[in-house]
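K.L.:
Shown next as structure tokens:
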């Protein structure tokens, strides 16, 4: 079956010739019209539209956005803050960056609608430290919007005022975790907070109720406000509404970003039809479907079970290529849709070396607050690094699994899962390669192989 | 019949046993009440919850509720509510008691979680227990034995971090031993109000350090050593001096101010090695000031008075007492008592004053209060002198009335109970004009000018009681024996009372307290033996109008009265 065509909602104007990131261009393309109409409605109606839309967060966890907004404590009398999580740092993910660089006003419009819906008077865009250019673009865009009375005091002549500030991170992956982000925004070390009691919806930024949403999620809000929640549910599949952006990297002919209706395209269609298949003379070996922390899939394996289609339970028997790209299907087969970063590896890749690379990243990014993640991530890195650069032992496979199994579910934040799932899944799917790596090492590496991390 | 639990109590079930605890109690404390230990490092009852060590992971569940009726679903097999167990472990320190909460502290999941955390904590730990001061009182050592696997799977290089860092004048840091629990960081911020500690670097390379250009120099820095669960923070004074398991612990009281912080004196073979705080939630929680920890150095100070003297010549105790009694018999005696004497000594001083018809004065010592555990009144027991009736008004810093009396020739003999008269404002000429009998511990201008000197014991060498600023009667015990030729203060005073015709009073504490209880009304119901370790609060109303100098400290607010307006 050929792949469906792209449905560009968020990325409608990305890489469009002649489209610039200034306000004039955005207004020419109908910008801020949705916001103007939204401001005529009651905030509760907008929240209802988002709830109806079934929009799920695009930062990785896929938590329903409408539910997140309902959880906000509106009775405390404290101000409600909205934070735009622009700390996109999951390896393999590069979608928010394009929005910020090429269509910043789309984000600002979505943010302002969300602020209006939730009676937020102050929003922050927390942007990754490694994106200074993006921060400058956002600053400029906000200044433009403020000058045009689209942001700031008495927006468009109404009683509603709301300002947006850009805050740059200092280069830590953990700042993408919402409570770590809040700590960082407060000027502290980005140590994620314990939950309970510090749920952002109740005790967030400066101990006030806070909404933290991903860049792409807020852009979706703009479209939901524009077309209505009901119409939005027609895009995608039930419970996985809207479009998803896939950032494909690695060993395919045409890596890049692609936007499709959620669940309407399979992994095989994406990799073979859209991305042009494997590089000449190679075959696909493995794919990580949702950013480097998602569990890896091995080409050739089968996923069997029963799934809900409408009200019925239907048997499924999928190969890797058959898996529809939506949150639920990917979760069902034991991995996750995550942030949409699809990392493809072909048969030239040694899995031990690939894992050594991933482990180096996570051990470097652990905040160091709680024990299992702090010690476990570095230990796994030390083992894989030793295997790659020094003595590999047959026993290392079992040891790696033993270490990884002691981390997830026992940490303050989800980093514990993020850093242990790669090791767990690599070991589960490619255990033999790890057991035999000491033998593999006796043969010379191909001259064309990339240098080891 | 089981009495129904009080309304503010919630019943939780830990390892199959029900216990009613106040709402808000966390699982660690609730389990402690059942005698179940949930191991932990970062949690400290007097600090905010950080939840970072992950050692207190437990399995937890809540009763299943019928969605329609909101009533708990009863398991027909057991007749007890059906419990929905949470599939991942939870931390006990941040889990508060809620109605029907069920906890398993020793399930396979909890056990396995603790084993994992223990292994992680040990992989980068130097394992240098044989040369570590914390050995013997190290939580990592204890929990590794109790909850660890007992073998290591770690073959990699351990992380290297700074050793022997001077964090401040009294605290030395070994970063490799640190398990990043952040207790010291939270203590500095929350209790000492001196936020100088923090972590730098990330992940397993995180390192505890001081803010650049600052040091951990506040007067509470050594509490970080006490609460450090491992040997990362050590006392520079105590480091490498003695193995803790050789030390004897004696309950004592910090004598540096009227706060009366409860302390523990650690000694071996008559030598004191360190002083640490003893928990008293009504007085000092688990803290004490650094300044109170060095007081033991006075025991072996060079200027200690070691033998009785008459006119500067060494003599025996009985000879000295007789010489003193002769001087006191001559009449026109003034007694300078002390706010540093114990209640028992003050009682005997009162008896002596009554027998001699002598005037009594005390010397006040006032310094700035730090609003934590050092109050403005630097005498530990001025209130004891009020309670025993030795004085009826608050003392002044200078003995002006006594000076005037000496100048006028109305006083011939001055008995000082440990107070340096020169420091209290008497001139050398005034000292020369009278005969001085001095009962004291250390040499000073008064001992030099005295006709008779009878050396006495420091607070570490005797037992007794103090009344602190809250009017809390607190007892302390003898930690080490006094020098060979030095008699107990009570013995000397009892002998003087007897010689002055005040009758025979026992200097043995039990019997002495029978006499005190009989004569001192506010202490009528007290016996020494039955005094609780955390002290006994006395009725302060008779003295409520006095202008006490203390300001606010931990667990103490001065009564709004003359003191506030003064």
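Protein chains in written order, with this note's numbering: chain G, 1 to 453; chain D, 1001 to 1566. Idealized CB from N, CA, C, for every residue including glycine.
Taking the beta carbon of residue 40 of chain G as the centre, do at least 16 other beta carbons fall within 10 Å, making it buried, or is it exposed?
P.N.:
By the 10 Å Cβ count, residue 40 of chain G comes out exposed.
K.L.:
Assuming the contact rule is C-beta atoms closer than 8 Å, residue 214 of chain G and residue 59 of chain G should be a hit. Round their C-beta distance to whole Å, please.
P.N.:
At roughly 4 Å, the Cβ-Cβ gap stays under 8 Å, so residue 214 of chain G and residue 59 of chain G are in contact.
K.L.:
Mind listing which residues of the stretch 405–423 of chain G have their C-beta closer than 9 Å to chain D's C-betas, in chain order?
P.N.:
Cβ contacts with chain D: 405, 406, 407, 408, 409, 410, 411, 412.
K.L.:
Does residue 18 of chain G come within less than 7 Å of chain D when only Cβ atoms are used?
P.N.:
Output row for residue 18 of chain G: interface = no.
K.L.:
Leaving out five residues on either side along the sequence, give the residues of the same chain with a beta carbon under 6 Å from the beta carbon of residue 1554 of chain D.
P.N.:
Excluding sequence neighbours, residue 1554 of chain D sits near 1372, 1373.
K.L.:
Can you pull the chain G residues whose beta carbon is under 7 Å from the beta carbon of residue 1117 of chain D, in chain order?
P.N.:
Those are 371, 372, listed as they occur along chain G.
K.L.:
Which same chain residues, not among the five before or five after residue 1385 of chain D, have their C-beta less than 7 Å away from its C-beta?
P.N.:
Around residue 1385 of chain D: 1337, 1339, 1346, 1362, 1391.
K.L.:
Assign residue 1010 of chain D to one of two classes, buried (16 or more other C-beta atoms within 10 Å of its C-beta) or exposed (fewer than that).
P.N.:
Buried, by the Cβ-count rule.
K.L.:
Going along the chain, which unbroken runs of the alpha helix (DSSP H) with 4 or more residues stay wholly within the stretch 1364–1439 of chain D?
P.N.:
Entirely contained in the stretch 1364–1439 of chain D, the alpha helix (DSSP H) runs reaching 4 residues are, in chain order, 1382–1388, 1400–1407, 1428–1433.
K.L.:
What three-state label does DSSP hand residue 200 of chain G in the structure shown?
P.N.:
In the structure shown, residue 200 of chain G sits in a helix (DSSP, three-state: H, G or I).
K.L.:
Please list, in chain order, all residues of the same chain as residue 1378 of chain D whose beta carbon is under 8 Å from its beta carbon, the five residues on each side excluded.
P.N.:
Same-chain partners within the cutoff: 1256, 1257, 1258, 1365, 1366, 1367.
K.L.:
Answer yes or no: does any C-beta atom of chain D fall closer than 7 Å to that of residue 438 of chain G?
P.N.:
For residue 438 of chain G, the answer is no, since every Cβ of chain D falls outside 7 Å of its Cβ.
K.L.:
How many Å lie between residue 1016 of chain D and residue 1104 of chain D at the Cα?
P.N.:
Near 8 Å, if we compare the C-alpha coordinates of residue 1104 of chain D and residue 1016 of chain D.
K.L.:
Alpha carbon to alpha carbon, how far is residue 1049 of chain D from residue 1024 of chain D?
P.N.:
One C-alpha to the other measures close to 13 Å.
K.L.:
Rounding to the nearest angstrom, what Cα-Cα distance links residue 1289 of chain D and residue 1423 of chain D in this structure?
P.N.:
Going from the Cα of residue 1289 of chain D to the Cα of residue 1423 of chain D covers about 25 Å.
K.L.:
Below 9 Å between beta carbons is the criterion; list the residues of the stretch 236–263 of chain G that meet it against any residue of chain D, in chain order.
P.N.:
Residues passing the 9 Å Cβ filter: none.
K.L.:
Residue 1467 of chain D lies in the alpha helix (DSSP H); which residues open and close that run?
P.N.:
No alpha helix (DSSP H) holds residue 1467 of chain D; the beta strand (DSSP E) holding it covers 1464–1467.
K.L.:
Using a C-beta cutoff of 7 Å, does residue 1089 of chain D count as contacting chain G?
P.N.:
Closer than 7 Å to some Cβ of chain G, the Cβ of residue 1089 of chain D qualifies, so yes.
K.L.:
For the ligand SAM, is there a heavy atom less than 6 Å away from the beta-carbon of residue 352 of chain G?
P.N.:
In terms of ligand content, the structure shown is empty, and the ligand SAM therefore cannot be addressed.
K.L.:
Would you say residue 1120 of chain D reaches chain G, if we count a Cβ-Cβ gap shorter than 7 Å as a contact?
P.N.:
It does: the Cβ of residue 1120 of chain D has a partner Cβ on chain G nearer than 7 Å.
K.L.:
Among all the DSSP beta bridges, which residues are the ones paired with residue 314 of chain G?
P.N.:
In DSSP, residue 314 of chain G forms a bridge with G:307.
K.L.:
Note down, in chain order, all residues in the stretch 1130–1163 of chain D with a beta-carbon under 9 Å from any beta-carbon belonging to chain G.
P.N.:
Within the stretch 1130–1163 of chain D, the qualifying residues are 1153, 1154, 1155, 1156, 1157, 1159.
K.L.:
For residue 1157 of chain D, tell me which candidate among G:90, G:184, G:375 has the shortest Cα-Cα distance.
P.N.:
With distances taken between Cα atoms, residue 1157 of chain D lies closest to G:375.
K.L.:
Consider the Cβ of residue 401 of chain G: report whether some Cβ of chain D lies at a distance smaller than 7 Å.
P.N.:
It does not: the Cβ of residue 401 of chain G has no partner Cβ on chain D nearer than 7 Å.
K.L.:
Please confirm whether residue 1370 of chain D has its beta-carbon closer than 7 Å to some beta-carbon of chain G.
P.N.:
So, not an interface residue.
K.L.:
Output needed in chain order: residues of the stretch 1041–1062 of chain D with a Cβ under 8 Å from some Cβ in chain G.
P.N.:
Correct list: 1049, 1050, 1051, 1052, 1053, 1054, 1055, 1057.
K.L.:
Taking all protein chains shown into account, decide if residue 1306 of chain D is buried (16 or more other Cβ within 10 angstroms of its Cβ) or exposed.
P.N.:
Exposed, since its Cβ has fewer than 16 Cβ neighbours within 10 Å.
K.L.:
Taking three-plus beta-carbon pairs below 8 Å as touching, is the stretch 1183–1202 of chain D in contact with the stretch 1140–1153 of chain D?
P.N.:
In short, these stretches do not touch, since the Cβ pair count stays below three.
K.L.:
Which residue comes first and which comes last in the beta strand (DSSP E) that contains residue 1298 of chain D?
P.N.:
Unbroken run through residue 1298 of chain D: none, as it is neither H nor E.
K.L.:
Cα separation between residue 1564 of chain D and residue 1550 of chain D?
P.N.:
Annotation note: pLDDT 40 at residue 1564 of chain D (below 50); position unreliable, no value reported.
K.L.:
Let me confirm a value: residue 1134 of chain D is counted as buried when at least 16 other C-beta atoms fall within 10 Å, else exposed. Which label applies?
P.N.:
Classification of residue 1134 of chain D: buried, given that the 10 Å Cβ count is 16 or more.
K.L.:
From which residue to which residue does the beta strand (DSSP E) around residue 207 of chain G run?
P.N.:
Neither: residue 207 of chain G is in no beta strand (DSSP E) and is coded neither H nor E.
K.L.:
Using CA coordinates, which residue listed in D:1188, D:1234, D:1128, D:1112 is at the minimum distance from residue 1172 of chain D?
P.N.:
Ranking D:1188, D:1234, D:1128, D:1112 by Cα distance to residue 1172 of chain D puts D:1234 first.
K.L.:
Does DSSP put residue 136 of chain G in a helix, in a strand, or in coil?
P.N.:
Looking at residue 136 of chain G - three-state DSSP - the assignment turns out to be helix.
K.L.:
Enumerate, from N- to C-terminal direction, the unbroken alpha helix (DSSP H) stretches of 4 or more residues contained entirely within the stretch 73–102 of chain G.
P.N.:
Taking only runs of at least 4 residues, the alpha helix (DSSP H) segments lying wholly in the stretch 73–102 of chain G are 96–102.
K.L.:
What does residue 1232 of chain D reach in chain G if we use C-beta pairs closer than 9 Å?
P.N.:
Neighbours of residue 1232 of chain D on chain G: none; closest Cβ ~15 Å, over 9 Å.
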